[in-house]
Amino acid sequence: MIIGIETTAHTFGVAVVDHGKILCNVRDSYTTEKGGIIPMDAAKHHRNVSETIFKKALEEAKIAEKEIKAIAISNAPGLAPCLSEGMKFAKKKAAELGLLLIPVNHCAAHLEIGRITGSKDPVLLYASGANTQIIAYADGKYRVFGETLDIGIGNFLDNFARYLGLGFPGGPKIMELGSKGKKFVELPYTIKGMDVAFSGLLTNVKQKYDALQKKSVDYTKEDLAYSVQETAFALLVEASERAMAHIGKKELLLGGGVGCNTRLQEMCKKMCEARGAAFFAPGNSLLIDNGAMIAYLGEIMFNHKIFFPADEVDINPRERTDDVQVTWR
Ligand SMILES: Nc1ncnc2c1ncn2[C@@H]1O[C@H](COP(=O)(O)OP(=O)(O)O)[C@@H](O)[C@H]1O
Ligand SMILES: [Mg+2]
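Residue -18 is where the sequence shown starts when you use my numbering, and the numbers rise one by one after that.
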């Protein structure tokens, strides 16, 4: 049995996995009413909830501490204060229980958990807060075929939501607002091959929102939320389709928190249907940051003898998906 701890950004999650089966997936997330994430505050949140969440996970999984074989910890990439807080907690537990640590790359975990859907050899659309990448596995690594050239899709949605005075996370709020939009407002559309960009789109939509505050225009903020989703998601779906055509893959798998968006899922599904490909998405609790994906990949790594004494493991805030040597596949 492997226990997994997720702590790279807003979420402190703990889960237990046994032979690929998720026995529990407990979490507590840092949220705000108005601003975005303040890294030190998020770290403080993790410090405050860690013991409670850990205990709750063991209770829900109905296991005793001594049944745990090793502790998987998300050591990269992420916000340094959050990573440090989680690492400190994992090391404390490792010392208490006399266990080894499995350092898990958060992005790789978002991708690997997708296997639970039955997808075998997909192009992965990894759409989360800080990360937006089009990925496929080849020859020992997750290769990045396309990615955002500036900000992640989730950060983009969160930033726009913040501008509208909505709190963090903003993605779900934009989705709700957008569902009431009727009119499509033309917005900048930036794609180069399989790379995308969102900062120009962000500036432009903020200007359109400013205009709406000042004078009478023929669109509402609901229309803007709707148009932002249509435009940004079309970029992702176009880049994904190009990657599928380029590499000749017949599956698309969605990963990351923005993957919870029902409109994005619908657009991915339509594209796949049109080209005779299969579309896969895990459930929301496995898309948004969670401990289960860390425990799940942690168990696979453990079975491949990838574990270390606690003092040999450190955080790596900037490790990229394609830095990871995938020796477990
Ligand atoms: N329904 C949704 N629609 C769009 N974005 C969403 C939705 N639910 C969550 N998100 C976004 O997902 C992001 C968090 O995803 P996650 O994978 O947990 O991110 P990260 O690992 O980068 O912190 C946030 O930016 C949040 O706004
Ligand atoms: Mg994530």
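The beta-carbon is built from N, C-alpha and C at its ideal position, and this holds for glycine as well.
How many Å lie between residue i and residue j at the Cα?
i, j, result
"residue 82", "residue 119", "27 Å"
"residue 33", "residue 60", "22 Å"
"residue 29", "residue 96", "33 Å"
"residue 85", "residue 93", "11 Å"
"residue 194", "residue 145", "11 Å"
"residue -1", "residue 170", "44 Å"
"residue 264", "residue 241", "8 Å"
"residue 165", "residue 198", "13 Å"
"residue 163", "residue 257", "30 Å"
"residue 73", "residue 6", "21 Å"
"residue 217", "residue 260", "14 Å"
"residue 345", "residue 262", "The structure shown does not extend to residue 345, since the chain is modelled only from -18 through 310, so no value can be given for it."
"residue 47", "residue 134", "41 Å"
"residue 131", "residue 180", "7 Å"
"residue 158", "residue 90", "31 Å"
"residue 9", "residue 58", "19 Å"
"residue 187", "residue 270", "28 Å"
"residue 224", "residue 250", "16 Å"
"residue 285", "residue 222", "33 Å"
"residue 40", "residue 4", "10 Å"
"residue 49", "residue 295", "21 Å"
"residue 31", "residue 55", "14 Å"
"residue 192", "residue 27", "40 Å"
"residue 239", "residue 230", "22 Å"
"residue 196", "residue 205", "15 Å"
"residue 78", "residue 189", "56 Å"
"residue 152", "residue 143", "10 Å"
By DSSP's criteria, residue i is part of a beta bridge. Which residues make up the other side?
i, result
"residue 50", "Per DSSP, none; premise fails for residue 50."
"residue 312", "In the structure displayed, the chain extends from -18 to 310; residue 312 sits before or after that span and is not available."
"residue 205", "None, per the DSSP bridge assignment."
"residue 233", "104 and 260"
"residue 289", "82"
"residue 10", "-8"
"residue -15", "-4 and 53"
Which residues in the same chain as residue i place their Cβ atom closer than 7 Å to its Cβ, once the five residues preceding and following it in sequence are excluded?
i, result
"residue 219", "172"
"residue 183", "137, 140 and 141"
"residue 175", "115, 126, 127, 220, 223 and 224"
"residue 71", "-14, 52, 54 and 82"
"residue -12", "27, 55, 63, 64, 66 and 67"
So residue i and residue j are supposed to be a Cβ contact under 8 Å. How far apart are they, rounded?
i, j, result
"residue 125", "residue 302", "6 Å"
"residue 44", "residue 104", "With a Cβ gap of about 36 Å, residue 44 and residue 104 do not count as contacting."
"residue 211", "residue 161", "No, residue 211 and residue 161 are not in contact; Cβ-Cβ is about 14 Å, not under 8 Å."
"residue 117", "residue 228", "6 Å"
"residue 123", "residue 305", "7 Å"
"residue 113", "residue 209", "Not really, about 15 Å apart at Cβ, beyond 8 Å."
"residue 288", "residue 244", "Contact flag wrong, Cβ pair sits at about 40 Å."
"residue 101", "residue 254", "About 19 Å; that fails the 8 Å criterion."
"residue 53", "residue 276", "5 Å"
Note down, in chain order, each residue of its chain lying with its Cβ closer than 6 Å to the Cβ of residue i, except the 5 sequence neighbours on either side.
i, result
"residue 24", "62, 63 and 66"
"residue 20", "60 and 62"
"residue -5", "-14, 7, 34, 35, 38 and 272"
"residue 200", "164 and 166"
"residue 237", "91, 107, 108 and 109"
"residue 147", "154"
Can you name, in chain order, every residue of its own chain whose Cβ lies under 8 Å from the Cβ of residue i, other than the five neighbours on each side?
i, result
"residue 185", "168 and 169"
"residue 299", "57 and 58"
"residue 18", "-10, -9, 11, 60 and 149"
"residue 98", "234, 261, 262 and 263"
"residue 283", "-17, 50, 51, 53 and 83"
Is there at least one non-hydrogen atom of ligand 3 closer than 7 Å to the beta-carbon of residue i?
i, result
"residue 84", "Within the structure as shown, ligand 3 is missing, the only ligands being ligand 1 and ligand 2."
Taking only runs of the beta strand (DSSP E) that begin and end inside the region 102 to 184, which ones reach a length of at least 3 residues, in chain order?
104 to 108, 113 to 119 and 122 to 128
Continuous beta strand (DSSP E) assignments of at least 3 residues falling wholly in the region 22 to 83:
51 to 57
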